[in-house]
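Numbering (UniProt numbering), first residue to last: 1 to 128. Ideal placement from N, C-alpha and C gives every residue a C-beta, glycine not left out. Note that the structure is a prediction, hence the values are computed from the model and not measured.
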Amino acid sequence: MNIKKVSEQLEITPDTIRYYERIGLVPPINRNKNGVRDFTDLDIQRLDFIKCMRHAGLSIESLHEYMHLYSLNDDRTIPARKRILEEEAEKLDERIASLQETRAYLQHKIDIYESKLTKVADDLKLSE
């Protein structure tokens, strides 16, 4: 599959895919006889994993370390890979908690305005 089709399937820009390849997040993609990238199912799975992890907030550095350990194909790296994911999950939990606090504050403000609107509506009815 070529880069255009992969980018459409995964909803990642071709530039992002090229960047991930350039910095080594994914191994070099094989090219066909015309020099066009020819993505395998494994390449697409890796890119999908990277997309998911980036969406979760993993830094490029953490992803790079994780993908390097994964590429070693050595079960002895499992504890290190697990540690990376646990650390990132903890960061994500902190961000979620912060967002929940922000959401609660916004709801509080919405409730205040709703109360004020109700009062204004009641005052208008009384003045009619």
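Round the Cβ separation of residue i and residue j to the nearest angstrom and send it over; I've been treating them as touching at under 8 Å.
i   : j   : result
P14 : K4  : 7 Å
D38 : R46 : The Cβ separation is near 15 Å, so there is no contact.
L58 : E94 : Actually they are not in contact, since the Cβ atoms of L58 and E94 sit about 14 Å apart, beyond 8 Å.
Could you tell me the distance, in whole angstroms, from the CA atom of residue i to the CA atom of residue j?
i    : j    : result
I23  : Q100 : 34 Å
D111 : L72  : 54 Å
D75  : R81  : 10 Å
L85  : S7   : 25 Å
E114 : Y105 : 14 Å
A121 : H64  : 58 Å
D48  : R54  : 10 Å
Do the CB positions of residue i and residue j come within less than 8 Å of each other?
i   : j   : result
V26 : Y20 : yes
D41 : I29 : no
I'd like the ranges of any alpha helix (DSSP H) spanning at least 4 consecutive residues and lying wholly in the UniProt domain "HTH merR-type" (1 to 69). 3 to 10, 14 to 22 and 41 to 55
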